[in-house]
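Participant: Sequential numbering from 1 applies to the sequence shown in this note's numbering. Take this structure first; my questions come after.
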Amino acid sequence: MLAPSSKRPIIIILHQTGHQTKDIVKLLKISRTMVQKTVKRFKEIGSTADRPGRGRKRSARTEQNKKKLREMVRRNPRRSMRKMTKKLKIDEKSVRTIIRKDLGLNSYRIQKKSTNSRTK
1 MLAPSSKRPI
11 IIILHQTGHQ
21 TKDIVKLLKI
31 SRTMVQKTVK
41 RFKEIGSTAD
51 RPGRGRKRSA
61 RTEQNKKKLR
71 EMVRRNPRRS
81 MRKMTKKLKI
91 DEKSVRTIIR
101 KDLGLNSYRI
111 QKKSTNSRTK
């Protein structure tokens, strides 16, 4: 069984060669509405691709938040993730993802010196 998006070009070719919707449904064993929507999409945008703007929109990993984080890190590389999270009011995991994947930085905890170490 082919995925719906892989059947779109076949549907368009059959439609352009003069096949009726009911014939395409029987040939490809798909629903009538899928054929109708595919033909409508092709007439509107001239392609069998998905319409632009489909899918879940980014809400935290926006360019604006990336710029703000880059500037925060540039000004003070020692600032904690939690403080940046509170300042931007976005989820901590989103901040960590932006820092790691989008900005290409590695976060680490700065080790404090031990106060009771012996000196010789």
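Heads up, the beta-carbon is just placed ideally off N, CA and C, and yes, glycines get one too.
With DSSP collapsed to three states, give me the class of Q20.
Facilitator: Residue state, collapsed to three classes: coil.
Participant: Would you mind working out which of D23, M72, K113 sits nearest I98, comparing C-alpha positions?
Facilitator: With distances taken between Cα atoms, I98 lies closest to M72.
Participant: Please state whether the Cβ-Cβ distance between I30 and I11 is less than 9 angstroms.
Facilitator: A contact, by the Cβ cut-off of 9 angstroms.
Participant: Less than 9 angstroms between the C-beta atoms of R78 and I45, yes or no?
Facilitator: Contact: no.
Participant: Let's test the definition: count the other Cβ atoms within 10 Å of the Cβ of T33 and tell me whether it reaches 16, buried, or not, exposed.
Facilitator: Per the 10 Å Cβ criterion, exposed.
Participant: Pop quiz: R70 and L103 are said to be a contact at Cβ under 8 angstroms. What is the actual Cβ separation, rounded to whole angstroms?
Facilitator: Their Cβ separation, rounded to whole angstroms, is 6 angstroms, which keeps R70 and L103 in contact under 8 angstroms.
Participant: Can you tell me whether DSSP reads L27 as helix, strand or coil?
Facilitator: Of the three classes helix, strand and coil, the one that applies to L27 here is helix, per DSSP.
Participant: Would you decide whether N106 is buried or exposed? Buried here means 16 or more other CB atoms lie within 10 Å of its CB.
Facilitator: By the 10 Å Cβ count, N106 comes out exposed.
Participant: Please classify L69: does DSSP put it in a helix, a strand, or coil?
Facilitator: DSSP places L69 in helix when its eight states are reduced to three.
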